[in-house]
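See below for the structure under consideration.
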Amino acid sequence: MSERGDIRKNTTGREPVFNIPGIILAIMGLCALVYIAEAYVLDEQQADTLLLNFAFIPARFSQYGGFYSPSAWLTMVTYSFMHGSFAHIALNMIWLAAFGSPLAARIGPLRTTLFWIATAVAAVLTHFAVYPDSMTPLVGASGAVSGMMGAAARFGFRRSDSRNSAAFVGDILPISVALRMRSVIVFLGVWFVTNIVTGLLSVGVDNSATIAWEAHIGGFLVGFFGISLFDRPDRGRTDVDLLV
Numbered sequence: 001m002s003e004r005g006d007i008r009k010n011t012t013g014r015e016p017v018f019n020i021p022g023i024i025l026a027i028m029g030l031c032a033l034v035y036i037a038e039a040y041v042l043d044e045q046q047a048d049t050l051l052l053n054f055a056f057i058p059a060r061f062s063q064y065g066g067f068y069s070p071s072a073w074l075t076m077v078t079y080s081f082m083h084g085s086f087a088h089i090a091l092n093m094i095w096l097a098a099f100g101s102p103l104a105a106r107i108g109p110l111r112t113t114l115f116w117i118a119t120a121v122a123a124v125l126t127h128f129a130v131y132p133d134s135m136t137p138l139v140g141a142s143g144a145v146s147g148m149m150g151a152a153a154r155f156g157f158r159r160s161d162s163r164n165s166a167a168f169v170g171d172i173l174p175i176s177v178a179l180r181m182r183s184v185i186v187f188l189g190v191w192f193v194t195n196i197v198t199g200l201l202s203v204g205v206d207n208s209a210t211i212a213w214e215a216h217i218g219g220f221l222v223g224f225f226g227i228s229l230f231d232r233p234d235r236g237r238t239d240v241d242l243l244v
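For the sequence shown, full-length UniProt numbering assigns the number 1 to the initial residue and increments by one for each residue that follows.
Here it is, written out as structure tokens:
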């Protein structure tokens, strides 16, 4: 296997500080509205009702027949728009803007929406596999955002140098190529260690809800291995020539 060209050559271009696609702004806006409603508009009982109805609760499926309830299935996605604290939503929105913007600019709003759903569902199913009887609500965009981080690694973090676009460019890298890039290897190592450590220490959430590093890993893996299913078919190799 050989590799021609500088696969990092488009990572050095200067881009606008704020270049966020509409679909990412819409997701951020929805997350913000839900958090504001839960934290500042609804009373305690209403906020608890919102949490119970729209957060993902594993025991709803393992003990209370959730697999036969359409509304329960919806919580596999709706949980991703809810957050347990200001720090929780702020951190997720920062990473969403950073990794979601180039991905959405690349694949478009419809595929971004489908990608969000797929990675959000993968995250909760991973959490469910580990904690099937848990009564603790799971909330947060972290699983879907982790999927975007996984997808970014498959592009080798190559971004357009155009001032009008921050999109990922070039072909999706073969897994064997991506896993031999120093930037990808370092990113994967730091990402996994950070998520496991912070998850074990339970940093960043309050007592009414929880996030889980297992869910992050589920979303990340689907993003890393499944991004080719969501890429636009008209996106050819524009800045890299790979020979396999």
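Where is the CB? At the ideal position from N, CA and C, for every residue including glycine.
Practice task
Decide if the stretch 78–89 is in contact with the stretch 170–186; the criterion is three or more beta carbon pairs, one per stretch, under 8 Å apart.
Solution key: Counting Cβ pairs under 8 Å, fewer than three are found: no touch.
Problem - Pick from 59, 187, 114 that is closest to residue 156, judged by C-alpha positions - result: 187
Exercise for the section: Report the three-state DSSP secondary structure of residue 56 (helix, strand or coil). Expected result: Strand at residue 56.
Practice task
On a CA-only basis, which of 94, 153, 215 is nearest residue 228? Give me that one, please.
Solution key: 153
Practice task
Output the boundary residues of the alpha helix (DSSP H) element that contains residue 162.
Solution key: First-last for residue 162: undefined, no H or E at that position.
Problem - As assigned by DSSP and simplified to three states, the class of residue 138 - result: strand
Handout entry: Nearest candidate by alpha-carbon position, reference residue 56, set 102, 134, 150
Key = 134
Problem - Through-space distance from residue 218 to residue 148, alpha-carbon basis - result: 12 Å
Problem - Distance, residue 30 Cα to residue 103 Cα - result: 19 Å
Practice task
Give the DSSP-derived three-state secondary structure of residue 225 in the structure shown.
Solution key: In the structure shown, residue 225 sits in a helix (DSSP, three-state: H, G or I).
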